[in-house]
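Everything below concerns the one structure shown next.
Protein chains in written order, with our numbering: chain G, 1 to 81; chain R, 1001 to 1147.
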């Protein structure tokens, strides 16, 4: 299944892109996505253990099942205010 | 009132939005750009956000605050883009019948905003380097400056 991951702040800067396309096997979870991103984008790897993922406007946990064509956001620790 | 704005925050408008004959207290908090952090000089800040999620989370914060305190009106405005020294990047205003609830709600709103709303700050240091701020994270050396 093909997913799109939006990137922000240091994640965007490290990857050199504001979004990444990721292809994962059916049945994959957010945890698998985290692992795959680290494999395919070594520059992002140091940040990935610390990011949250969101689908729509909701944070999702590592066990969240993913589906084809989903769009996720990679949310590094926030610093608004 | 929940807003993300790209220009200066209009505090007079925010106060007008939350002031009410039902309220005996209005608390306005402004987060402003500080020149020195641990002895290091900031020239300016840049903020970016995940726009739709940031608006949704701000609205959730207001709704949750309304379950905790008897809020008459609430306004949360965050600025994105370039913010100069001394300028406000965020405003939280709350009106309530009595002052203690307004102070408590305002404090809770800004504290919680800083933990959950997908907005990020980049420090533009006076030495010409820049650095995204990710609390709790040792930012890798190679991303310490961005053109």
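Just so it is clear, CB atoms sit at the ideal spot from N, CA and C, and this is done for glycine as well.
What you are looking at is a predicted structure, and each value in this text was computed from that prediction instead of being measured.
I want to see whether chain G comes within less than 8 Å of residue i, judged by CB atoms only; does it?
i, result
"residue 1132 of chain R", "yes"
"residue 1118 of chain R", "yes"
"residue 1147 of chain R", "Residue placement at residue 1147 of chain R is poorly supported in this model, since its pLDDT is 47, which falls under 50; the coordinates still yield a value, given next. No, residue 1147 of chain R does not count as interfacial toward chain G."
"residue 1056 of chain R", "yes"
"residue 1068 of chain R", "no"
"residue 1141 of chain R", "Only weak support exists for where residue 1141 of chain R lies, its pLDDT of 48 falling under 50; the value from the coordinates is given anyway. For residue 1141 of chain R, the answer is no, since every Cβ of chain G falls outside 8 Å of its Cβ."
"residue 1137 of chain R", "yes"
"residue 1031 of chain R", "yes"
Would you verify that the beta carbon of residue i is, or is not, closer than 8 Å to some beta carbon of chain R?
i, result
"residue 6 of chain G", "yes"
"residue 13 of chain G", "yes"
"residue 41 of chain G", "no"
"residue 17 of chain G", "no"
"residue 10 of chain G", "yes"
"residue 38 of chain G", "no"
"residue 21 of chain G", "no"
"residue 3 of chain G", "no"
Within the continuous alpha helix (DSSP H) that includes residue i, where are the two ends?
i, result
"residue 1106 of chain R", "1099 to 1116"
Just grab the DSSP bridge partners of residue i for me.
i, result
"residue 5 of chain G", "G:20 and G:72"
"residue 1086 of chain R", "The partner list for residue 1086 of chain R (beta bridge, DSSP) is empty, contrary to what the question assumes."
"residue 1004 of chain R", "R:1078"
"residue 59 of chain G", "G:54"
"residue 1040 of chain R", "R:1037"
"residue 1096 of chain R", "R:1025 and R:1071"
"residue 29 of chain G", "G:65"
The beta strand (DSSP E) spanning residue i covers which residue range?
i, result
"residue 1079 of chain R", "1071 to 1079"
"residue 1012 of chain R", "From DSSP, residue 1012 of chain R is part of no beta strand (DSSP E) but of the alpha helix (DSSP H) over 1011 to 1018."
"residue 1030 of chain R", "1025 to 1032"
| field | Contact list for the region 1097 to 1117 of chain R against chain G, Cβ threshold 8 Å | value | 1110, 1113, 1114, 1115, 1116 and 1117
| message | Under 9 Å, CB to CB, which of the residues in the region 57 to 80 of chain G have a partner in chain R? | response | 57, 58, 59, 73, 75, 76, 77, 78, 79 and 80
| query | Counting pairs of Cβ atoms below 8 Å between the region 1103 to 1111 of chain R and the region 1032 to 1045 of chain R, do you hit three or more? | reply | no
| field | Stretch-stretch touch, CB-based, cutoff 8 Å, three pairs: the region 35 to 52 of chain G with the region 1008 to 1027 of chain R | value | no
| request: Could you tell me whether the region 37 to 45 of chain G touches the region 1106 to 1126 of chain R, where touching means 3 or more Cβ pairs closer than 8 Å? | output: no
| message | Taking contact to mean 3 or more Cβ pairs, one atom from each stretch, closer than 8 Å, check whether the region 64 to 76 of chain G and the region 1003 to 1014 of chain R are in contact. | response | no
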